[in-house]
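Read through the structure below, which is laid out as C-alpha cells, and then see the notes.
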Amino acid sequence: MYNDRRSHKTWNAILLEIKTDNSEIELTQILKQICESAGWKYGEMWVPKNDLLQCHQAYYIADEKYAEFRKESETFTFGAGAGLPGRVWLTQQSEWIENVSLEPSIYYRSHLAKKVGLKAALGVPIVESGSVVAVVIFYNDIAEHLSENPIVEWSDRIKSLIIQ
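Numbers 7 to 170, taken from the working numbering, label the letters of the sequence shown in order.
The structure is reproduced here in C-alpha cells:
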C-alpha cells in the first residue's frame, strides 16, 4: 500500500501545495487527496500558535466514529516534544507509530484512537525557511510495522520538498 511509486509521486505533488495560508477548504482538499491516494482513513493538520500546536484541518472517510475522534482532538494542544504532533514539531523529523492505540505513554490520544479503531500513524513536518509551519498526521485502521528504510525515505523525500 505505502510502497507504490505512483502514491509517492502524488504525495510529493500534494505536499508541495500545503501552506498554512491556504484556505481551510484547500487544506481539507489536500488532506483528502493524500488520504485517498495512499489509503489513509484519517488525516489531520496541526499548526503552531503561541508556542502550542493546535488542531487545524482534518479529513476522514465518511464514518461517524472518525467525526468523534476529530471533535475530541480539537480539545487538545501539544507543546514542543509532547505527543506525536509535538515530537514531530520539535525534531522536524517524520515519525511512524505502529499502533497508537497501544502507546498511551507516547501517543496521548491512544484512548480515543482505540475507541474508533485507528492504529498506524505517520507524522510529517511541513517545513518552511527552517521552521515547522505545520505537522500533518495520517492514520490507518491496521497496525503495521515498517522498517526504518521507508520512514527514512519518506522523511528525506518530504524534507526535499521544503516550501520556498
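Ideal Cβ positions, reconstructed from N, Cα and C, are used throughout, including at glycine.
Computed from a predicted structure; not experimentally measured.
DSSP three-state label for residue i, please.
i	result
GLU109	coil
TYR72	helix
SER135	coil
LYS77	helix
GLU150	coil
ALA64	strand
ILE20	With a pLDDT of only 49 at ILE20, under the threshold of 50, the placement of this residue in the model should not be trusted; the figure read from the coordinates follows. Residue state, collapsed to three classes: helix.
ILE169	Any answer about ILE169 is weak, because its pLDDT of 38 lies below 50 and its placement is not dependable; what the coordinates show is given next. Three-state DSSP puts ILE169 in a strand.
Whole-angstrom Cβ separation of residue i and residue j, contact assumed at under 8 Å?
i	j	result
GLU101	ALA126	Actually they do not touch by this definition, with Cβ atoms about 12 Å apart.
VAL142	VAL130	5 Å
To which residues does DSSP link residue i through a beta bridge?
i	result
GLY129	GLU101, ILE143
TYR48	TYR66, TYR145
What separation, rounded to the nearest whole angstrom, lies between the Cα atoms of residue i and residue j?
i	j	result
TRP52	TRP95	9 Å
TYR39	LEU128	Tyr is not the amino acid found at residue 39; the sequence shown has Gln there. Using only the alpha carbons, I get a separation of about 16 Å.
LEU152	GLN99	16 Å
GLY92	LEU59	7 Å
SER135	PRO54	15 Å
GLU122	ASN56	Reading the sequence as shown, one finds Val at residue 122 and not Glu. Computed Cα separation, rounded: 30 Å.
SER137	GLY85	15 Å
LYS77	GLU70	11 Å
ALA73	HIS117	15 Å
ILE67	SER79	16 Å
GLU50	ILE103	15 Å
One question on the structure: do residue i and residue j come within less than 8 Å of each other, judged by their Cβ atoms?
i	j	result
TYR48	TYR145	yes
PHE82	CYS61	yes
SER111	ALA119	no
THR97	GLN63	no
TYR114	GLY87	no
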